[in-house]
Ligand code: 2HG
Ligand code: ZN
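Numbering (my numbering), first residue to last: 155 to 655.
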């Protein structure tokens with residue numbers, strides 16, 4: 155699984171991009187008037203980072219100019235790979251004075267085209283800035299450059315007997331800079347919070363090249379506005395994150411994992427309620443449907459189901475069990491007795507532990523192998539989940555084309571549902587997206603009624619900016635734009651992402 159996003163991404167043929175435009179002349183942004191030629195700019199970049207760290211080869215532009223969304227065709231001017239904050243600062247100062255658009259980029263595992271360069275942007279990729287600077291085992295902090303992968307951070311914490319709780323299916327490829335830019339959530343949010351909760355300090359290079367140092371490793375710091383939070387989740391539109399101080403914690407003790415089968419969605423929130431009331435210490439509460447399970451069993455080499463017969467829904471529950479008492483077993487008994495689950499399996503060794511997690515974490519990869527996919531990443535208050543899913547099912551009865559499957563899974567313990575629309579690869583891609591979009595619009599309308607969000611953890615990027623209004627009020631969007639104008643009045647940083655200026 156590790157590194158899967160990278161591997162598959164490079165393997166995808168160009169025909170998968172929906173908005174094909176075979177004219178490779180760079181498109182420009184109306185609000186910018188670049189005052190250097192492309193050749194001059196590339197010469198400057200090579201001078202800053204060295205010849206081999208500026209990529210202009212068409213295949214490099216294709217692979218480094220996009221993320222995992224595969225919907226928009228990448229058309230960057232070039233890819234520039236700095237090795238230090240100072241280099242990022244020089245690059246941005248140059249782009250600022252010459253009005254060149256910039257797209258910041260990391261592990262490129264994003265799912266909403268936040269790091270896709272479609273209009274001749276200079277892609278600044280932070281992969282070479284991959285040093286772990288410090289692990290402080292007393293203050294429980296870790297300082298790292300933006301290009302360190304999430305998995306490398308986990309390993310660094312582990313090597314000191316500590317724990318970095320951010321955990322995502324793409325952890326082998328995604329980088330902390332991208333995690334911060336998108337405020338990534340992941341499978342342990344229910345217990346430890348998302349990326350925002352792990353960040354104590356940040357170093358950011360602003361649009362004009364100034365370095366803003368908010369890099370203090372303090373747990374408590376109530377001295378005025380906490381500016382770092384503006385950059386977390388801003389998708390590279392306010393500045394480029396170059397360094398972060400992150401929170402560590404003691405390793406969880408004795409993790410237990412079970413997969414439970416249930417026949418009705420309505421029972422899932424009830425399972426969560428009963429588990430919380432039982433006082434077990436939940437570290438993950440994930441869910442997937444039978445369809446998702448079947449697709450993983452079909453496409454993931456060596457995947458096995460722990461069940462004799464398949465059920466409509468599954469919950470993956472991970473708990474920390476500090477004492478000797480096998481709490482998860484008695485919890486499962488309670489859930490059986492209450493008629494909430496029909497079957498369950500507990501991982502009894504580390505191999506099974508990995509296998510069970512694999513059944514959940516490999517859904518995205520298996521879906522990509524299975525068909526063409528359009529993704530929603532929505533969230534709702536837990537008590538509204540059931541009503542929403544019922545309305546969704548009613549909607550699908552009339553709207554869903556026969557050859558389209560709706561695959562639901564996600565971090566249900568924190569109200570985050572991933573809805574994937576999947577059709578056979580043989581379907582015409584434009585038609586598929588048109589049909590899926592028609593359903594998606596109704597889903598978003600429904601979501602607005604239920605006071606949910608159109609993006610729980612993936613961000614807005616290019617794919618969802620037209621839908622921002624379903625979740626954010628006009629006032630909120632207007633203040634976002636004012637904030638953007640303060641930090642980047644020329645609009646050079648990741649233009650076209652989240653909203654148009
Ligand atoms: C996950 O939870 C990721 O596995 C990807 O956020 C979700 O593929 C998706 O829709
Ligand atoms: Zn997710």
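Just so you know, even glycine gets a beta-carbon here, dropped at the ideal spot from N, CA and C.
Bear in mind the structure is a predicted one, so any value in this text is a computation, not a measurement.
Please classify residue i: does DSSP put it in a helix, a strand, or coil?
i	result
residue 162	Summary for residue 162: the model assigns pLDDT 26, below 50, so the residue's position carries little reliability; its value from the coordinates is reported in the next sentence. DSSP places residue 162 in helix when its eight states are reduced to three.
residue 370	coil
residue 266	coil
residue 177	Any reading at residue 177 must be qualified, since the residue scores a pLDDT of 40, below 50, and its modelled position is unreliable; the value itself is stated next. Here residue 177 sits in coil by DSSP.
residue 248	helix
residue 343	helix
residue 612	coil
residue 548	helix
residue 329	strand
residue 574	strand
residue 195	helix
residue 607	strand
residue 297	strand
residue 498	strand
residue 242	helix
residue 479	coil
residue 471	strand
residue 580	coil
Residue j and residue i - do their beta-carbons sit closer together than 7 Å?
i	j	result
residue 316	residue 372	no
residue 529	residue 574	yes
residue 618	residue 266	yes
residue 507	residue 501	yes
residue 533	residue 430	no
residue 576	residue 561	yes
residue 261	residue 332	yes
residue 352	residue 307	no
residue 360	residue 567	no
residue 275	residue 256	yes
residue 588	residue 526	no
residue 389	residue 494	no
residue 325	residue 357	no
residue 300	residue 219	no
residue 459	residue 647	no
residue 258	residue 394	yes
Do residue i and the ligand 2HG come close, with the Cβ less than 6 Å from some heavy atom?
i	result
residue 529	yes
residue 518	yes
residue 574	yes
residue 247	no
residue 590	no
residue 535	no
residue 323	yes
Pick out whichever of the options has its Cα sitting closest to the Cα of residue i.
i	options	result
residue 421	459, 411, 496	496
residue 185	638, 644, 590, 493	644
residue 457	468, 248, 513, 504	513
residue 544	601, 558, 590, 515	601
residue 289	614, 281, 194, 313	313
residue 488	437, 428, 358	428
residue 346	404, 292, 302, 363	404
residue 200	214, 324, 549, 245	245
residue 582	287, 558, 214, 237	558
residue 485	350, 354, 206, 414	414
Threshold first: 3 residues or longer. Then list the beta strand (DSSP E) segments lying entirely within the region 501 to 565, N to C. 526 to 533, 559 to 565
Alpha helix (DSSP H) runs wholly inside the region 384 to 453, at least 4 long, in chain order: 421 to 431, 444 to 453
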